[in-house]
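*Asks:* Submitted below is the structure of interest, expressed as structure tokens.
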Amino acid sequence: MSGWATTYLWGAFWVVAVLAAACFLVVALGPKKLDRVLATDMALILVAVDLGLFSALDESAFYMDTALLIAIISYLVTVVLARQLESGEVLR
Amino acid sequence: MIAEYVGAWLVGAGIVFSALGVFGLYRMPDIYTRIHAGAKVIAIGSAFSLLGVAFLSDLETAIRAIAVVAFIYLTTPIATQATGRSAHRRGETMVAVIDELREDRRS
Numbered sequence: 001m002s003g004w005a006t007t008y009l010w011g012a013f014w015v016v017a018v019l020a021a022a023c024f025l026v027v028a029l030g031p032k033k034l035d036r037v038l039a040t041d042m043a044l045i046l047v048a049v050d051l052g053l054f055s056a057l058d059e060s061a062f063y064m065d066t067a068l069l070i071a072i073i074s075y076l077v078t079v080v081l082a083r084q085l086e087s088g089e090v091l092r
Numbered sequence: 093m094i095a096e097y098v099g100a101w102l103v104g105a106g107i108v109f110s111a112l113g114v115f116g117l118y119r120m121p122d123i124y125t126r127i128h129a130g131a132k133v134i135a136i137g138s139a140f141s142l143l144g145v146a147f148l149s150d151l152e153t154a155i156r157a158i159a160v161v162a163f164i165y166l167t168t169p170i171a172t173q174a175t176g177r178s179a180h181r182r183g184e185t186m187v188a189v190i191d192e193l194r195e196d197r198r199s
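Keeping their order, the protein sequence lines are chains A and B.
Following the working numbering, the numbering of the first sequence begins with 1 at its first residue and continues without gaps.
Following the working numbering, the numbering of the second sequence begins with 93 at its first residue and continues without gaps.
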């Protein structure tokens, strides 16, 4: 990867980090519970994207495996919390 | 060299979509429209960014990036549908609704 691409990816990495932090701010502040659930989903996906960008920067596939794990956690957290808020039970 | 330009363009496009989605999370008036904005981040933003990473990295990382995109595309509809159904059953009201028929019948 050439020099300008590395600089570009570092810039993209920090922009995505700021976007993820903005989503985590909504997780912390609300205004409603479902907004927090939605923001959790978005924030974790943005963290997965950030790990993917870092994987390209580090030239290692290890962080991409971590990104897949974070994506799985994001899906499970969203579905479980949404069903919990909907009916008070996750499995029926 | 061309792959680097394509990858950089895709990463940039993904970041623009993600930024617009996060902006929508703050600015949209009700939960349904916020879900709509959030789906942009999850579906289009992450897919463009990770496909850009696939262009910019070696084959091993590229295959895993495409696998992550495929997983996100498989699971995002289920997660957003669960969130929307939960909002509806909890009685969340829709604010951003344009009901022109009702306005016509009033006048």
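We put the beta carbon where it would ideally sit given N, CA and C, even for glycine.
None of these values were measured; they are calculated from a predicted model.
Taking only beta-carbon atoms, is A/V37 less than 8 Å away from chain B?
*Replies:* As a first step, residue 37 of chain A is located in the first sequence; it is residue number 37 there, counting from the start. Interface residue, yes.
*Asks:* Tell me the residue span of the alpha helix (DSSP H) that contains A/K33.
*Replies:* The residue given as residue 33 of chain A occupies position 33 in the first sequence. First-last of the alpha helix (DSSP H) with A/K33: 33-58.
*Asks:* Distance, Cα to Cα, A/W14 vs A/V49?
*Replies:* For the purposes of this step, residue 14 of chain A is identified with residue 14 of the first sequence, where counting begins at 1. For the purposes of this step, residue 49 of chain A is identified with residue 49 of the first sequence, where counting begins at 1. Taking the straight line joining both Cα atoms gives about 11 Å.
*Asks:* State the DSSP-derived secondary structure class of B/R182, mapped to helix, strand or coil.
*Replies:* Sequence index remark: in the second sequence, residue 182 of chain B carries index 90 (1-based). In the structure shown, B/R182 sits in coil (DSSP, three-state: anything other than H, G, I, E or B).
*Asks:* Identify each residue in the region 13-29 of chain A for which the Cβ-Cβ distance to at least one residue of chain B is less than 7 Å, and report them in chain order.
*Replies:* For the region 13-29 of chain A, which is checked against every Cβ of chain B, the residues closer than 7 Å are V15, V16, L19, A22, C23, V26.
*Asks:* Identify the continuous alpha helix (DSSP H) that holds A/M64 and give its terminal residues.
*Replies:* Taking the first residue of the first sequence as position 1, residue 64 of chain A is located at position 64. Start and end: 62-87.
*Asks:* Which class does B/S199 belong to by DSSP, given the choice of helix, strand or coil?
*Replies:* For the purposes of this step, residue 199 of chain B is taken as residue 107 along the second sequence, with counting starting at 1. If DSSP states are grouped into helix, strand and coil, B/S199 belongs with coil.
*Asks:* With DSSP run on the structure shown, which of helix, strand or coil describes B/P121?
*Replies:* Position 29 of the second sequence, counted from the first residue, corresponds to residue 121 of chain B. B/P121 falls in the coil class under three-state DSSP.
*Asks:* Taking a cut of 8 Å between CB atoms, which residues from the region 42-71 of chain A lie near chain B?
*Replies:* Taking 8 Å as the Cβ-Cβ cut-off against chain B, the residues of the region 42-71 of chain A that qualify are M42, I45, L46, A48, V49, G52, L53, S55, A56, E59, S60, A61, M64, D65, A67, L68, A71.
*Asks:* Are B/S138 and B/I107 close, meaning C-beta to C-beta below 8 Å?
*Replies:* Taking the first residue of the second sequence as position 1, residue 138 of chain B is located at position 46. Taking the first residue of the second sequence as position 1, residue 107 of chain B is located at position 15. Result no, Cβ atoms of B/S138 and B/I107 do not sit closer than 8 Å.
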